[in-house]
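Below: the structure, in structure tokens.
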Amino acid sequence: MNKIELEKIKQEALNEHIPIIMDDTLNTIKKILNNRKLNNILEIGTAVRLFCYLFLKLFK
């Protein structure tokens, strides 16, 4: 999934008033997870899977 596709998902969620993770929150979580050297993330209860796509992209 590329940056354009992720942005499209994000904009659709925002337009439909679907709660999604904000960029500053994502960056904070990324820093925490990078410090812990985790290999797996379990995502539960997402509406549009944006968090999952972003983390797959960030940890490649």
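Numbered per my numbering, the sequence shown spans residues 23 to 82. All C-beta atoms in this analysis are idealised placements derived from N, C-alpha and C, irrespective of residue type, glycine included. Every value quoted in this text rests on a predicted model; they were computed, and no experiment measured them.
- For Leu-28, the enclosing alpha helix (DSSP H) begins and ends at 25-37.
- In this structure Lys-53 is exposed. Its beta-carbon is surrounded by fewer than 16 other beta-carbon atoms within 10 angstroms.
- Three or more beta-carbon pairs drawn from the segment 62-72 and the segment 29-45 are found closer than 8 Å, and the two stretches are therefore classed as touching.
- If you look at Arg-58, you'll find it in the alpha helix (DSSP H) that goes 45-58.
- Taking C-beta atoms as the reference points, Leu-28 and Leu-48 fail to come closer than 9 Å.
- Around the C-beta of Lys-25, fewer than 16 other C-beta atoms lie within 10 Å, and the residue is accordingly described as exposed.
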